[in-house]
Amino acid sequence: MHLQLCLDGTNLRKWHIALLQRLAHLPKVTITVDPTSKACALPRGAESLFQLEALLYGLPRGGLASRVPESALAPFVGGSEPAELTLDLCGDAPKEKGRVWRLLFDGRAGETALFSILLEGRVPRAEIQEGTSAVAAARLGTEYGGIALASFEDAVARASTLIIAAVKGCASGKLPRLPDEKDGFPALHIPTTPMLARTAAKSVARRIVRQAYQLCYNAPHWRVGWRRLDGPDLIALGHHPAAAWHFLPDDGERFYADPFPVLYRGVVTLFVEDYEHRLGKGVISAVTFDANGPTGRPRRVLEQPGHLSYPFVFESEGQMWMIPESYSARTIDLFRATDFPGGWVKEATLLSDITASDATIIEYEGTWWLFATVKDDGGSFSDALHLWSAPNFRGPWTPHKGNPVLIDIASARPAGCMVQRNGVLWRPVQDCRRGYGAALGIARVTRLDAEGFEQKIESIIGPGPAWPGRRLHTLNSAGGLEFIDGSALALRGFFRRKT
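Note that the working numbering has the sequence shown beginning at 726, numbered continuously upward.
Laid out in structure tokens, this is it:
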């Protein structure tokens, strides 16, 4: 297939070149470029804002938003044969181009639309449209809300992922509808130079506030909540229970997060990420529970040279297994317990050379499935869901032909164990529209097979009076106990009153 990109050659950025290079490596795709569009320049002042933020936040220079000369298009310019498909990045491709795909952000074309949406703190809905039909759709995410440069680079990286998936023929034009979602898109306000100047001033003030916060508080700081299940759980309720949550206490110098309980030999053992602020990395710790709650403090059971979190623990073949998150090592590893709840030894590397988050597995209709979000050539850690299948949890794991099967910052990232009830597969997910782990979604999986994946979001549960704080992002249960986690405040040691 001969694919041609229509873009503005006088406002070229590094992400355009990275996209062209990725497209050129696809089999049976010939890529050329038409650089004559003239509708893609960002508002005046945007570049100054990017430069200021790079200084304020120590962001690397030369990222996907950096400008490059038009000469960088030289390898892709030329060719007299008409294109079979035109990908219009600016929204002004002429009708004589024939078959055209247009990249839209909230229904508008061009980088200015994307930049304006991000500056307003909204989540962009990206679509590739052919005529009035959606070829591919995504909700683009970022871990850097409030920082225009980082948000922009995350968004264009994932928009590139969407384009690659569409060209490969494995993208979906559907997104799961959210319970709080409204029809249509808000009005778009193109930022003026004075508006961008005010944004820059706010960014400076925000950085000062963040520095003061980091001086006074250990951040981020999470906490684990638990309760006895005397009735329906959160999956059935779709909201917080009337009874209050109990908290797993910490010493203020560390936090506990990612609670994974397991009932083993009649005892509930809770595994958590144990993050000591002084060391700056997580290990896996465990504590048993009885009728009154935890029987002591969590004790370290697994440590690696890199950071560990999300200790996905399960029982199979009469043994206990764990798949902790180890994205810093770029692997997904399987461990086996030799002296439960400790004695963990590495059994196998399930996947390598991958930056994956929150690997979660389940056996479903005779096949083992592995779910994880993947940071694909940049972009967010939380918005691109990949699947793998295997005959056994040890592997070999085969990637789904539709990967990424979902690009959605509101419902891609796993948030705990999946549950099968009455023939229905339920999946806790992280809703990261307002930041990493901001809320918990309950998704009903409506399709999971070798040809595709679909889910329906039944409810979204966030922090509030029943769970004070700003975040809520994991849900698991075992042995009549249910566990969640979320954010908390923790003063640094020299600010806390000694008793």
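Ideal Cβ positions, reconstructed from N, Cα and C, are used throughout, including at glycine.
Could you pull out every residue in the same chain whose Cβ sits closer than 6 Å to the Cβ of residue i, ignoring the five residues on either side in sequence?
{"i": "alanine 743", "result": "none"}
{"i": "threonine 1056", "result": "Thr1074 and Ser1077"}
{"i": "glutamate 852", "result": "Leu829, Ala859 and Ala862"}
{"i": "glycine 870", "result": "Gly1160"}
{"i": "serine 762", "result": "Cys731, Leu732, Asp733, Cys815 and Asp817"}
Return the chain-ordered list of same chain residues with a C-beta closer than 8 Å to the C-beta of residue i, the five sequence neighbours on each side being excluded.
{"i": "histidine 965", "result": "Leu959, Ile1186, Gly1189, Ala1191 and Trp1192"}
{"i": "threonine 924", "result": "Leu774, Leu844, Ala873 and Pro916"}
{"i": "glutamate 806", "result": "His727"}
{"i": "leucine 1216", "result": "Cys941, Tyr942, Asn943 and Gly977"}
{"i": "serine 1114", "result": "Thr1092, Trp1093, Trp1094, Leu1095, Trp1122, Thr1123, His1125 and Ala1175"}
Tell me the rounded alpha-carbon separation between residue i and residue j.
{"i": "valine 1070", "j": "proline 1124", "result": "26 Å"}
{"i": "valine 1012", "j": "alanine 838", "result": "50 Å"}
{"i": "glutamate 795", "j": "alanine 890", "result": "26 Å"}
{"i": "leucine 940", "j": "threonine 1092", "result": "49 Å"}
{"i": "glutamate 1028", "j": "proline 1066", "result": "13 Å"}
{"i": "lysine 1126", "j": "glycine 977", "result": "45 Å"}
{"i": "serine 1184", "j": "leucine 1200", "result": "13 Å"}
{"i": "serine 1053", "j": "leucine 781", "result": "25 Å"}
{"i": "tyrosine 938", "j": "alanine 982", "result": "21 Å"}
{"i": "isoleucine 888", "j": "valine 758", "result": "15 Å"}
{"i": "arginine 931", "j": "proline 974", "result": "31 Å"}
{"i": "arginine 990", "j": "glycine 866", "result": "42 Å"}
{"i": "aspartate 1015", "j": "leucine 1095", "result": "31 Å"}
{"i": "glutamine 1145", "j": "serine 1202", "result": "13 Å"}
{"i": "lysine 1006", "j": "serine 1051", "result": "11 Å"}
{"i": "arginine 1138", "j": "leucine 748", "result": "26 Å"}
{"i": "lysine 893", "j": "arginine 786", "result": "31 Å"}
{"i": "alanine 779", "j": "glutamate 868", "result": "16 Å"}
{"i": "phenylalanine 1118", "j": "glutamate 1042", "result": "11 Å"}
{"i": "leucine 784", "j": "alanine 875", "result": "8 Å"}
{"i": "glycine 963", "j": "tryptophan 1151", "result": "12 Å"}
{"i": "methionine 1047", "j": "lysine 820", "result": "56 Å"}
{"i": "tyrosine 1089", "j": "proline 1153", "result": "16 Å"}
{"i": "valine 793", "j": "alanine 799", "result": "12 Å"}
Taking residue i and residue j to be in contact with their CB atoms under 8 Å, please state how far apart those CB atoms are, rounded to whole angstroms.
{"i": "leucine 1059", "j": "glutamate 1040", "result": "With a Cβ gap of about 14 Å, leucine 1059 and glutamate 1040 do not count as contacting."}
{"i": "proline 1030", "j": "phenylalanine 996", "result": "No, proline 1030 and phenylalanine 996 are not in contact; Cβ-Cβ is about 20 Å, not under 8 Å."}
{"i": "isoleucine 1182", "j": "serine 1136", "result": "6 Å"}
{"i": "histidine 971", "j": "glycine 909", "result": "Not a contact, Cβ separation roughly 43 Å."}
{"i": "isoleucine 1009", "j": "proline 1049", "result": "6 Å"}
{"i": "tryptophan 826", "j": "leucine 1206", "result": "Actually they are not in contact, since the Cβ atoms of tryptophan 826 and leucine 1206 sit about 50 Å apart, beyond 8 Å."}
{"i": "phenylalanine 1226", "j": "arginine 1172", "result": "Nothing in the structure corresponds to residue 1226, since the chain is present only between 726 and 1224."}
{"i": "serine 928", "j": "leucine 767", "result": "Rounded, the Cβ-Cβ distance is 16 Å, inconsistent with contact."}
Taking C-beta to C-beta, are residue i and residue j nearer than 8 Å?
{"i": "arginine 1024", "j": "phenylalanine 980", "result": "no"}
{"i": "arginine 883", "j": "isoleucine 1132", "result": "yes"}
{"i": "cysteine 815", "j": "leucine 732", "result": "yes"}
{"i": "leucine 1214", "j": "tyrosine 942", "result": "yes"}
{"i": "arginine 847", "j": "leucine 900", "result": "no"}
{"i": "glycine 1104", "j": "aspartate 879", "result": "yes"}
{"i": "serine 1107", "j": "cysteine 1157", "result": "yes"}
{"i": "alanine 922", "j": "glycine 770", "result": "yes"}
{"i": "proline 695", "j": "phenylalanine 1208", "result": "Any answer about residue 695 is impossible in this case: the structure gives the chain only from 726 up to 1224."}
{"i": "cysteine 895", "j": "glutamate 836", "result": "no"}
{"i": "lysine 739", "j": "serine 791", "result": "yes"}
{"i": "alanine 1109", "j": "threonine 886", "result": "yes"}
{"i": "threonine 811", "j": "glycine 803", "result": "no"}
{"i": "leucine 1112", "j": "valine 1130", "result": "yes"}
{"i": "serine 841", "j": "histidine 914", "result": "yes"}
{"i": "glutamine 1044", "j": "arginine 1022", "result": "no"}
{"i": "leucine 1004", "j": "valine 881", "result": "no"}
Going by beta carbon distance, what residues of the same chain come within less than 7 Å of residue i, once the five residues before and after it are set aside?
{"i": "histidine 1198", "result": "Ala1140, Gln1155, Gly1162, Leu1165, Asp1210 and Gly1211"}
{"i": "aspartate 1174", "result": "none"}
{"i": "threonine 1224", "result": "Caution applies to threonine 1224, whose pLDDT of 37 falls short of 50 and renders its modelled position unreliable; the value that the coordinates give is listed next. For threonine 1224, where only same-chain residues beyond five positions count, there are no Cβ hits under 7 Å."}
{"i": "leucine 745", "result": "Leu730, Ile756, Val758 and Phe801"}
{"i": "valine 1026", "result": "Ile1009, Ser1010, Ala1011, Pro1066, Gly1067 and Trp1069"}
What is the residue span of the alpha helix (DSSP H) that residue i lies within?
{"i": "methionine 920", "result": "918 to 941"}
{"i": "serine 1184", "result": "Per DSSP, serine 1184 belongs to no alpha helix (DSSP H); it is in the beta strand (DSSP E), 1177 to 1186."}
{"i": "serine 791", "result": "Careful: serine 791 lies outside any alpha helix (DSSP H) and carries neither H nor E."}
{"i": "histidine 667", "result": "Residue numbering for the chain in the displayed model covers 726 to 1224; residue 667 lies beyond these limits and cannot be assessed."}
{"i": "arginine 883", "result": "873 to 893"}
{"i": "alanine 771", "result": "771 to 782"}
{"i": "isoleucine 842", "result": "836 to 844"}
If you measure from the CB of residue i, is any heavy atom of the ligand NAD nearer than 7 Å?
{"i": "glutamate 1050", "result": "No copy of the ligand NAD occurs in the structure displayed, which carries no ligand at all."}
Hey, quick one: how far does the beta strand (DSSP E) through residue i stretch, first residue to last?
{"i": "tyrosine 1035", "result": "1034 to 1041"}
{"i": "glutamine 729", "result": "727 to 731"}
{"i": "alanine 961", "result": "Counting along the chain, alanine 961 falls outside any beta strand (DSSP E), though it belongs to the alpha helix (DSSP H) covering 959 to 962."}
{"i": "glutamine 1029", "result": "No beta strand (DSSP E) contains glutamine 1029, which DSSP labels as neither H nor E."}
{"i": "glutamate 1072", "result": "1067 to 1077"}
{"i": "valine 758", "result": "755 to 759"}
{"i": "glutamate 852", "result": "850 to 855"}
{"i": "leucine 767", "result": "Segment: none, leucine 767 is in no beta strand (DSSP E) and carries neither H nor E."}
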